[in-house]
Structure formats: C-alpha cells, structure tokens
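Notes for the one structure printed next.
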C-alpha cells in the first residue's frame with residue numbers, strides 16, 4: 181500500500197468534523213462516508229427515477245482480495261459479480277475514497293495503535309449520526325460495509341467498539357469471513373451481523389452461522405437457484421433460520437414502478453415513491469437486516485455486474501482498474 185493512498189489533510193491543529201488526527205504522528209486523515217441511496221434514511225428521487233442520498237450512513241472499503249489492494253479475505257468465484265466492484269468502476273471518487281479509508285485505517289493501527297483506530301471509527305459514526313439527526317432522522321442507522329469486508333481481527337474489534345460507543349445508532353453488517361466474524365461477537369444489541377453465503381461457500385458459512393447463532397445472507401442468481409441453495413443449506417446446517425427475500429432485489433425489482441427498486445417513499449411504501457419527490461432507502465424502509473428486525477436469514481437475488489453481461493462491474497475488472505490508477509502499488 182503506497183503512502184499516496186492515505187488521505188492526509190494539512191492544516192489545523194484541531195481536526196475538522198470530517199477529519200481524524202493520528203495520535204502517533206499528528207497527521208490528519210479524512211475518511212469517506214458513502215451516500216448510499218439504498219441505505220440512506222433520506223433520498224432525493226430524481227426525475228428519471230434514480231435516487232440521490234441526502235445523508236451518508238455507510239462505510240466503504242475497497243473490494244477484492246487483500247493481495248490486490250482490497251479488503252476481502254474470503255472471496256469466492258461468485259464474487260466476480262460483486263455489486264460494489266461495479267461502483268468502483270463506475271465512480272472513480274468512490275474507488276479512491278474506499279482505498280483511502282483502508283490505507284488510513286492501516287496507518288492509524290501501525291502509528292497510533294488500536295485506540296487510534298477506534299477513535300477514528302467512532303468519529304465517523306458520530307458524524308453520520310449528527311448529519312442524520314440534522315435532517316430530522318429520529319432513528320439513525322449505519323451500514324458496515326457498502327463495499328469491502330473485515331480485513332483484520334483488530335479492525336473487527338474496532339468496529340464493535342464503535343458500535344458500543346454509539347448506542348443511539350442501529351448498525352448492521354454482512355461478512356463473508358467466518359474466521360474474523362468472532363471479532364464482532366458477542367454482538368451488541370444495536371448491531372445485526374449476517375454471514376454472507378453463495379453457491380461456493382454455503383456449507384462452511386451455514387455451519388459457522390449455526391455455531392455462532394447468526395443469520396445468513398444468501399446471494400442467488402434467481403428464485404429457483406435460491407430455493408435449491410437453501411435446501412442445501414438446510415441439509416448442511418439445520419439450525420439456520422428460515423429466509424425471506426430482500427424486497428429491493430425481489431418484488432421491487434419486478435413491480436414496474438418508475439422509481440429505482442432500492443427506494444421507497446417516506447412512508448416506507450413503494451407506491452408513494454415518485455420522481456421528483458423525497459424518499460428513503462429500501463434498507464431503512466424494510467429494516468429486516470437492522471437491529472429489531474425479524475430473526476430471519478435473507479436472500480438477495482441477482483444484482484450488480486452479473487445482471488448486465490459484459491458490464492465493467494466484475495471483481496477482476498475492479499481490481500485491475502484500481503491497480504492501473506496506482507491506488508495500489
């Protein structure tokens with residue numbers, strides 16, 4: 181990882197709201213929070229039906245294996261169609277910001293120790309909570325991660341510490357890493373943890389989910405594939421909870437509504453989401469994955485690069501683009 185990845189900020193002796201100071205070297209770092217319209221509690225619906233998040237409540241890291249500059253240490257062949265890889269290819273600022281987040285975390289750990297990492301993540305959550313409440317959100321939420329994964333156990337422990345330090349915020353996370361998930365456990369009451377499964381890793385993920393008492397988030401190409409995979413999961417680990425399908429990748433994706441499938445109206449109904457109006461992300465409207473949601477596993481049907489054959493939203497392409505931009509050495 182090169183030093184230019186780190187988003188250092190020259191200037192004031194006291195950090196601005198979006199800056200974190202390393203207790204080791206004294207440098208300032210700026211972390212990017214993601215304006216993710218699927219997770220945002222408030223969005224502006226554009227005239228063409230797409231949506232723009234008005235507040236950021238998601239934390240991104242770069243996708244792909246650690247050796248390629250990513251943060252995902254448990255990738256499988258199915259990850260070639262990662263939706264976050266598509267985001268990195270479509271939006272260069274998102275890719276650069278996610279990489280800078282990872283580099284800053286690694287610097288803080290090396291230079292300032294675990295307490296510096298925890299302080300940085302607490303500040304990120306605090307900033308998001310402040311912005312959400314400033315927009316009238318009474319129940320703030322925070323998504324780990326809109327891209328990437330738990331790349332180290334010390335990072336997982338820092339996430340858990342940030343969750344504990346923000347009891348007024350509902351947190352949720354999906355992770356493919358069955359080894360590092362223990363760094364989040366036991367999960368605080370305001371954190372919901374899912375283990376991510378696909379056609380390649382479902383057996384070991386299902387068994388780990390049963391062992392830890394966690395729900396599974398399954399990615400499947402379509403409904404028939406999901407039925408078949410859940411049958412295999414049930415055979416491998418009978419203790420896994422029954423699943424429901426994410427509405428954004430299920431019924432909302434097929435309802436022919438003029439607004440993007442990952443958005444609802446402010447009353448949490450699809451019918452009230454109209455071009456030119458305000459709305460919220462489907463995650464906040466549904467709340468299945470958030471603390472207090474149903475104690476169920478979830479199915480995500482096909483989304484991301486694989487839904488558009490030949491599109492640049494594939495994991496290999498995302499890593500290649502990141503290397504070519506010299507984001508990794």
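Numbering (our numbering), first residue to last: 181 to 509. Think of the CB as a built atom: it goes at the ideal place given N, C-alpha and C, for glycine as much as any other residue. Values in this document were obtained by computation on a predicted structure and should not be read as measured data.
Counted within 10 angstroms of its Cβ, other Cβ atoms place residue i as buried (16 or more) or exposed
i	result
residue 303	buried
residue 271	exposed
residue 380	exposed
residue 318	exposed
residue 422	exposed
residue 222	buried
residue 315	exposed
residue 451	exposed
residue 250	buried
8 Å contact criterion, which residue i and residue j should meet: CB distance rounded
i	j	result
residue 226	residue 455	7 Å
residue 428	residue 218	7 Å
residue 204	residue 252	Going by Cβ atoms, the distance from residue 204 to residue 252 rounds to 27 Å, so no, they are not a contact pair.
residue 254	residue 350	With 8 Å as the limit, residue 254 and residue 350 do not qualify as a contact, their Cβ atoms being about 25 Å apart.
residue 445	residue 453	4 Å
residue 326	residue 214	5 Å
residue 386	residue 396	6 Å
Span separating the alpha-carbon of residue i from that of residue j
i	j	result
residue 207	residue 199	10 Å
residue 285	residue 297	6 Å
residue 359	residue 457	43 Å
residue 269	residue 275	7 Å
residue 401	residue 408	11 Å
residue 435	residue 230	15 Å
residue 393	residue 414	14 Å
Where residue i sits in the DSSP three-state scheme
i	result
residue 544	It is not possible to answer for residue 544, since the shown part of the chain is limited to 181 through 509.
residue 227	coil
residue 404	helix
residue 311	helix
residue 277	helix
residue 319	coil
residue 199	strand
residue 482	coil
residue 436	coil
residue 232	strand
residue 445	strand
> Can you give, in chain order, each stretch of the alpha helix (DSSP H) that sits fully within the stretch 344-417 and has at least 4 residues?
Replying inline: Whole alpha helix (DSSP H) segments, 4+ residues: 382-392, 403-416.
> Which runs of the beta strand (DSSP E), 3 residues or longer, sit entirely within the stretch 447-476?
Replying inline: 458-461
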